[in-house]
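Novice: Input: one structure, supplied below.
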């Protein structure tokens, strides 16, 4: 009986030392991805509605609903990496933003990226073009909605703005982030090679199973 106790006491420090060494190695390794579990799927409809609600609430000067002479122009949401191109995600957010403005009784006009927008690559700004046939529409609008996205690993960052078309001043702005799940990945048009690997399992999970 005495011999069994001694053996147990002898192996216990060895096991603790082994576990400590594994924890140390895990802490020293350089992570390639955030190990935080992925968030639950986001309701994109409510997400888009929140964007509009925030912009309207913070607009200064306030934007006026129900005025057909002063519509809100809503542009397509584009990527900061390629301002000349949109995605199914950008078009979906645009349509949902339009719906929310209309629900708040604003007069809304949809602006297509390819025929109404001019991109300034030097500044990264998306503005309305100055073609003669568009000048009247721009001058009567009280605000232009613009949105851009940037992707970093599994996170998509969205910047939304309301811009005064007369002088280009930003009258309201907000920033948001979304965890990229399979649904958003498909809307962004990412290929298999663009997929980000899932986080590796923590090293302690393998030991304790």
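Numbering (mature numbering (1 follows the signal peptide of the UniProt record, and there is no 0)), first residue to last: -34 to -1, 1 to 175.
Note that the Cβ used here is the ideal one computed from N, Cα and C, for glycine as well.
Please go through the same chain and pick out, in chain order, the residues whose beta-carbon is closer than 6 Å to the beta-carbon of residue 73, but skip the five residues on each side of it.
Specialist: Against the chain shown, residue 73 aligns to sequence position 107. Within the same chain, residue 73 has close Cβ partners 34 and 37.
Novice: Alpha carbon to alpha carbon, what distance is there between residue 50 and residue 57?
Specialist: Mapped onto the chain shown, residue 57 falls at position 91. Mapped onto the chain shown, residue 50 falls at position 84. Cα-Cα distance, rounded: 13 Å.
Novice: Can you give me the C-alpha to C-alpha distance between residue 134 and residue 152, rounded to a whole angstrom?
Specialist: The residue given as residue 134 occupies position 168 in the chain shown. The residue given as residue 152 occupies position 186 in the chain shown. In a straight line, the C-alpha of residue 134 is about 34 Å away from that of residue 152.
Novice: So, with DSSP's three-state summary, where would you put residue 53?
Specialist: Along the chain shown, one-based indexing puts residue 53 at 87. In the structure shown, residue 53 sits in coil (DSSP, three-state: anything other than H, G, I, E or B).
Novice: Return the CA-CA distance between residue 144 and residue 24, expressed in angstroms with no decimal places.
Specialist: For the purposes of this step, residue 144 is taken as the residue at position 178 of the chain shown. For the purposes of this step, residue 24 is taken as the residue at position 58 of the chain shown. Computed Cα separation, rounded: 21 Å.
Novice: Between which two residues does the alpha helix (DSSP H) harbouring residue 152 extend?
Specialist: To locate residue 152, count along the chain shown from 1; it is residue 186. Per DSSP, residue 152 belongs to the alpha helix (DSSP H) from 148 to 153.
Novice: So what does residue 74 bridge to, in DSSP terms?
Specialist: Position 108 of the chain shown, counting from 1, holds the residue named residue 74. Answer by DSSP bridge pairing, in chain order: 38.
Novice: Go through its chain and collect everything with a Cβ distance to residue 154's Cβ below 7 Å, but skip five positions before and after it.
Specialist: Translated into the one-based positions of the chain shown, residue 154 becomes position 188. Contacts found: 53 and 55.
Novice: Between which two residues does the alpha helix (DSSP H) containing residue 17 stretch?
Specialist: Within the chain shown, the letter at position 51 stands for residue 17. It spans 10 to 24 - the alpha helix (DSSP H) in which residue 17 sits, taken as one unbroken run.
Novice: When DSSP labels each residue in this structure, what does residue 137 get in the three-state scheme?
Specialist: Along the chain shown, one-based indexing puts residue 137 at 171. It is a strand residue.
Novice: Please tell me whether residue 63 and residue 17 are closer than 8 Å, where the distance is taken between their beta carbons.
Specialist: In the chain shown, the residue the question calls residue 63 occupies position 97. In the chain shown, the residue the question calls residue 17 occupies position 51. Against a cut-off of 8 Å, the Cβ pair of residue 17 and residue 63 comes out as a contact.
Novice: Taking only the alpha-carbon atoms, compute the straight-line gap between residue 47 and residue 114 and give it to the nearest angstrom.
Specialist: The residue you call residue 47 lines up with position 81 of the chain shown. The residue you call residue 114 lines up with position 148 of the chain shown. Answer to the nearest angstrom: the Cα atoms are 9 Å apart.
Novice: Considering just the uninterrupted stretch of the beta strand (DSSP E) at residue 29, what are its terminal residues?
Specialist: Sequence index remark: in the chain shown, residue 29 carries index 63 (1-based). Looking at the DSSP string, residue 29 is not in any beta strand (DSSP E), and its letter there is neither H nor E.
Novice: DSSP state of residue 120, grouped into three classes?
Specialist: Within the chain shown, residue 120 is the residue found at index 154, counting from 1. Three-state DSSP puts residue 120 in coil, outside helix and strand.
Novice: In whole angstroms, what is the alpha-carbon distance linking residue 121 and residue 14?
Specialist: Numbered from 1 along the chain shown, position 155 holds the residue referred to as residue 121. Numbered from 1 along the chain shown, position 48 holds the residue referred to as residue 14. So the two alpha carbons sit approximately 17 Å from each other.
Novice: Tell me which same chain residues have a C-beta within less than 6 Å of the C-beta of residue 77, skipping the five on either side of it?
Specialist: As a first step, residue 77 must be located in the chain shown, where it is residue number 111. So the qualifying residues of the chain are 39 and 41.
Novice: Put residue 7 into one of helix, strand or coil per three-state DSSP.
Specialist: Position 41 of the chain shown holds residue 7. Reduced to three states, the DSSP call for residue 7 is coil.
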